[in-house]
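Below is one structure, written out as structure tokens; the observations come after it.
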């Protein structure tokens, strides 16, 4: 017997009325019937309410507004724990949008195909859209099967991170695990990996939607890069807590042998350190980059960052031209394999963003 669970698309928003239209229309265009789209306005000062209220005539659409600005993290947490009454939910940023109107239906078909498995998470490919509206197709299918043991994705996350955008997540598991309690820009990765430790993960080798990609200085989750050096350093160092939380949970639950888990922790810290150092450099914030490098190596002596600066400079020079940037995106994983051979190191694809 097939199942048709209730699914909510959750969209927190703040002062992005111009982008919100695409986000809402892409969500409401889904052909899946047992669906609800919930928008939470985080006390916007633009015309967000006026834009969103135009969709209230659709019975699948609900609109809420915070009395004060809570920030993206707390707004999303409020959506998940207070307004979400679904079996599954899809978290969507207000500037991203679904392009496949059958995406939710395809996810449900996958659930029915593997209903003997404990599926807790489903992901897909996305296009990356830049500020000038040019886009690049991103294909991550080479890393994932249609159905995956979540524990393998957890262990290989530093090599190939699972796409979180437009991922379908099982509500009762998220609430049971009390995810989204860590307030950091990697809280979404923490939730994804917690799910991976608790079941199977589905993957659709199709493009579900468009993920809007900014210069790092304009992306809300990267806004700390523009803060004064010591403030940025504090946030970058505190964010590593998500790795500690995952490590402690996996250790308490005895999911992996200690040696494997210790190796994963070390590899994740190296991956995070290199990615963060790269982002500082790519954002022309060399002072914060050097402070971060000094602090992270002091705390974790096994981390090495000297080769990342070379890669950063090369990438910055080539990505000034959009055509070269597109080639770089399409072949970045092949480039990274060459780097591994040259440097004998493991580099994450997320570094080349």
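Residue numbers (this note's numbering): -10 to 342. Where is the CB? At the ideal position from N, CA and C, for every residue including glycine.
Neighbour-count burial assignment, residue i, 16 or more Cβ in a 10 Å radius
i: residue 300; result: Because the pLDDT at residue 300 is just 49, under 50, the model does not fix this residue reliably, and the point stays unresolved.
i: residue 177; result: buried
i: residue -10; result: exposed
i: residue 291; result: exposed
i: residue 175; result: buried
i: residue -7; result: exposed
i: residue 1; result: buried
i: residue 9; result: buried
i: residue 107; result: exposed
i: residue 42; result: exposed
i: residue 152; result: buried
i: residue 31; result: buried
i: residue 179; result: buried
i: residue 159; result: buried
i: residue 275; result: exposed
i: residue 273; result: exposed
Alpha-carbon spacing of residue i relative to residue j, whole angstroms
i: residue 109; j: residue 79; result: 12 Å
i: residue 89; j: residue 219; result: 43 Å
i: residue 154; j: residue 138; result: 20 Å
i: residue 223; j: residue 33; result: 28 Å
i: residue 94; j: residue 135; result: 15 Å
i: residue 232; j: residue 173; result: 11 Å
i: residue 49; j: residue 16; result: 10 Å
i: residue 132; j: residue 164; result: 28 Å
i: residue 98; j: residue 281; result: 45 Å
i: residue 46; j: residue 81; result: 21 Å
i: residue 168; j: residue 265; result: 23 Å
i: residue 144; j: residue 28; result: 34 Å
i: residue 227; j: residue 150; result: 20 Å
i: residue 67; j: residue 142; result: 28 Å
i: residue 269; j: residue 214; result: 6 Å
i: residue 105; j: residue 188; result: 11 Å
i: residue 40; j: residue 100; result: 34 Å
i: residue 283; j: residue 91; result: 49 Å
i: residue 59; j: residue 3; result: 10 Å
i: residue 199; j: residue 254; result: 31 Å
i: residue 103; j: residue 74; result: 24 Å
i: residue 69; j: residue 170; result: 12 Å
i: residue 252; j: residue 289; result: 13 Å
i: residue 14; j: residue 294; result: 43 Å
i: residue 230; j: residue 161; result: 24 Å
Beta-carbon proximity of residue i to residue j, cut-off 8 Å
i: residue 12; j: residue 84; result: yes
i: residue 356; j: residue 72; result: Not covered by the structure: residue 356. The range shown for the chain is -10 to 342.
i: residue 114; j: residue 18; result: no
i: residue 6; j: residue 37; result: yes
i: residue 117; j: residue 202; result: yes
i: residue 239; j: residue 186; result: yes
i: residue 147; j: residue 279; result: no
i: residue 285; j: residue 262; result: yes
i: residue 235; j: residue 183; result: yes
i: residue 111; j: residue 64; result: no
Residues sharing a beta bridge with residue i, DSSP
i: residue 191; result: 111, 136
i: residue 253; result: BP columns for residue 253 are empty, so no partner.
i: residue 25; result: -3
i: residue 70; result: DSSP output for residue 70 lists no bridge partner at all.
i: residue 56; result: None; residue 56 has no bridge partner.
i: residue 77; result: -4, 159
i: residue 87; result: 198
i: residue 30; result: 2, 54
Below-8 Å beta-carbon distance, residue i vs any chain B residue
i: residue 221; result: Annotation note: the requested chain B is absent from the structure, which comprises a single protein chain.
If contact is defined by three or more beta carbon pairs under 8 Å, each pair taking one atom from either stretch, is the region 240 to 253 in contact with the region 191 to 201?
Because the criterion of three Cβ pairs below 8 Å is not met, the region 191 to 201 and the region 240 to 253 do not touch.
Segment contact, 8 Å Cβ cut-off, at least three pairs: the region -6 to 5 with the region 15 to 25:
Yes, they touch.
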